[in-house]
Amino acid sequence: QKEVEQNSGPLSVPEGAIASLNCTYSDRGSQSFFWYRQYSGKSPELIMFIYSNGDKEDGRFTAQLNKASQYVSLLIRDSQPSDSATYLCALLGSNDYKLSFGAGTTVTVRA
Amino acid sequence: GAGVSQSPSNKVTEKGKDVELRCDPISGHTALYWYRQSLGQGLEFLIYFQGNSAPDKSGLPSDRFSAERTGGSVSTLTIQRTQQEDSAVYLCASSHGLAGDLDTQYFGPGTRLTVL
Numbered sequence: 275q276k277e278v279e280q281n282s283g284p285l286s287v288p289e290g291a292i293a294s295l296n297c298t299y300s301d302r303g304s305q306s307f308f309w310y311r312q313y314s315g316k317s318p319e320l321i322m323f324i325y326s327n328g329d330k331e332d333g334r335f336t337a338q339l340n341k342a343s344q345y346v347s348l349l350i351r352d353s354q355p356s357d358s359a360t361y362l363c364a365l366l367g368s369n370d371y372k373l374s375f376g377a378g379t380t381v382t383v384r385a
Numbered sequence: 012g013a014g015v016s017q018s019p020s021n022k023v024t025e026k027g028k029d030v031e032l033r034c035d036p037i038s039g040h041t042a043l044y045w046y047r048q049s050l051g052q053g054l055e056f057l058i059y060f061q062g063n064s065a066p067d068k069s070g071l072p073s074d075r076f077s078a079e080r081t082g083g084s085v086s087t088l089t090i091q092r093t094q095q096e097d098s099a100v101y102l103c104a105s106s107h108g109l110a111g112d113l114d115t116q117y118f119g120p121g122t123r124l125t126v127l
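If you're matching them up, the sequences are chains A and B in order.
The opening residue of the first sequence carries number 275 in our numbering; numbering runs sequentially from there.
The opening residue of the second sequence carries number 12 in our numbering; numbering runs sequentially from there.
(1) Just mark Lys-26 (chain B) as buried or exposed, buried being the case when its beta carbon has 16 or more other beta carbons within 10 Å.
(2) Tell me the DSSP bridge mates of Glu-79 (chain B)?
(3) Chain B partners of Leu-373 (chain A), CB-CB under 9 angstroms?
(4) Quick one: complete beta strand (DSSP E) runs, 3+ long, within the stretch 291-343 of chain A?
(5) Is Pro-288 (chain A) helix, strand or coil when you go by DSSP?
(6) Near Tyr-299 (chain A), what residues of its chain come up, given a Cβ to Cβ distance below 7 angstroms and the 5 sequence neighbours on each side ignored?
(7) So for Glu-96 (chain B), helix, strand or coil by DSSP?
(8) Can you look up Asp-396 (chain A) in the DSSP assignment and give me helix, strand or coil?
(9) Check whether the Cβ atoms of Gln-95 (chain B) and Tyr-44 (chain B) lie closer than 8 angstroms to each other.
(10) So the candidates are A:Tyr-325, A:Ser-374, A:Met-322; which of them puts its Cα closest to the Cα of Glu-55 (chain B)?
(11) Could you give the DSSP three-state label for Lys-372 (chain A): helix, strand or coil?
(12) Please report the residue range of the beta strand (DSSP E) in which Glu-279 (chain A) lies.
(13) So if DSSP puts Ala-42 (chain B) in a beta bridge, which residue, or which two residues, is it bridged to?
(14) If we ignore side chains and look at the alpha-carbon of each, how far apart do Ile-90 (chain B) and Asp-35 (chain B) end up?
(15) Let me know if Ser-73 (chain B) comes out buried or exposed under the rule of 16 or more other beta-carbons within 10 Å of its beta-carbon.
(16) Under 8 angstroms, CB to CB, which of the residues in the stretch 311-328 of chain A have a partner in chain B?
(17) When DSSP labels each residue in this structure, what does Ile-422 (chain A) get in the three-state scheme?
(18) Any chance the stretch 120-127 of chain B sits against the stretch 12-19 of chain B, with 3 or more Cβ pairs inside 8 angstroms?
(19) Taking Cβ positions only, does Ala-342 (chain A) come closer than 8 angstroms to chain B?
(20) Determine the direct distance from the alpha carbon of Arg-47 (chain B) to that of Gly-103 (chain B), and round the result to whole angstroms.
(21) Give the C-beta separation of Ser-358 (chain A) and Thr-336 (chain A) to the nearest angstrom, bearing in mind that I take them to be a contact with Cβ-Cβ under 8 angstroms.
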């Protein structure tokens with residue numbers, strides 16, 4: 275079982291600020307990491323994936339991976355009210371296909 | 012193109028009844044997954060189908076749960092003799108089934124099951 279822990283939240287940030295979400299994992303064999311966004315009552319929607327150490331940027335989103343420290347994070351710059359959702363961290367192990375999910379962090383962006 | 016579709020979107024049933032949940036994956040995706048999301052819980056893996064290989068049923072919580080995938084496309088998850096603890100959102104996902112680590116899963120809208 276690949277334990278995935280996320281900062282518990284809820285996280286409330288003002289519009290325009292940076293929202294920082296953290297995720298740690300227990301299995302050093304984990305290879306691929308995903309951030310999903312889930313609006314209330316909706317299904318998870320993929321935002322980003324990352325599998326190499328370092329930063330990966332896509333628009334206002336930046337994923338950061340540090341395999342040595344076993345954490346992955348997601349930064350949301352210039353937060354908008356439409357970013358208000360639960361963010362799920364997920365990972366795949368080497369030669370694995372089952373996503374292991376964290377419990378999610380709920381983000382609220384205050385207008 | 013069309014995403015993963017699931018039906019019904021909502022299902023209310025009485026304890027002890029059987030239910031069937033359907034998933035239609037993205038066209039061309041060979042891998043199909045079922046997950047369950049209970050209130051306040053993370054997503055829990057249930058079962059995985061890849062092509063013609065035997066499915067990985069290791070996540071099914073009891074023998075009341077079964078799933079099949081016909082013709083390598085549509086999948087049906089069946090829960091027999093439903094219990095109140097089966098109440099959850101059942102999510103289906105599909106992917107290309109690429110070898111290696113990076114194979115992105117795309118989720119359907121889910122079926123919200125309520126067992127009274």
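Here a beta-carbon is modelled for each residue, glycine too, at the ideal position from N, C-alpha and C.
Since we're looking at a predicted model, the values are computed, not measured.
Taking the definition as stated:
(1) Result: exposed.
(2) B:Thr-87
(3) Here the neighbours are Tyr-44, Tyr-46, Leu-54, Phe-56, Ala-104, Gln-116.
(4) 293-299, 304-312, 319-324, 328-332, 335-340
(5) Shown here, Pro-288 (chain A) sits in a strand according to DSSP, grouped into three states.
(6) Lys-276, Glu-277, Val-278, Gln-344, Leu-365
(7) helix
(8) Since the displayed chain A opens at 275 and closes at 385, residue 396 (chain A) lies outside it and no answer follows.
(9) Cβ distance not < 8 angstroms, so Gln-95 (chain B) and Tyr-44 (chain B) don't count as in contact.
(10) A:Ser-374
(11) The answer is coil: DSSP assigns Lys-372 (chain A) none of H, G, I, E or B.
(12) 278-280
(13) B:Gln-61, B:Ser-106
(14) Cα to Cα, the separation comes out at about 18 angstroms.
(15) exposed
(16) Lys-316, Ser-317, Pro-318, Glu-319, Leu-320, Phe-323, Tyr-325
(17) This structure gives no information on residue 422 (chain A), because the portion of chain A shown stretches from 275 to 385.
(18) yes
(19) No, no contact with chain B.
(20) Sequence inspection shows Cys at residue 103 (chain B); the Gly mentioned does not correspond to that position. Cα to Cα, the separation comes out at about 9 angstroms.
(21) Going by Cβ atoms, the distance from Ser-358 (chain A) to Thr-336 (chain A) rounds to 19 angstroms, so no, they are not a contact pair.
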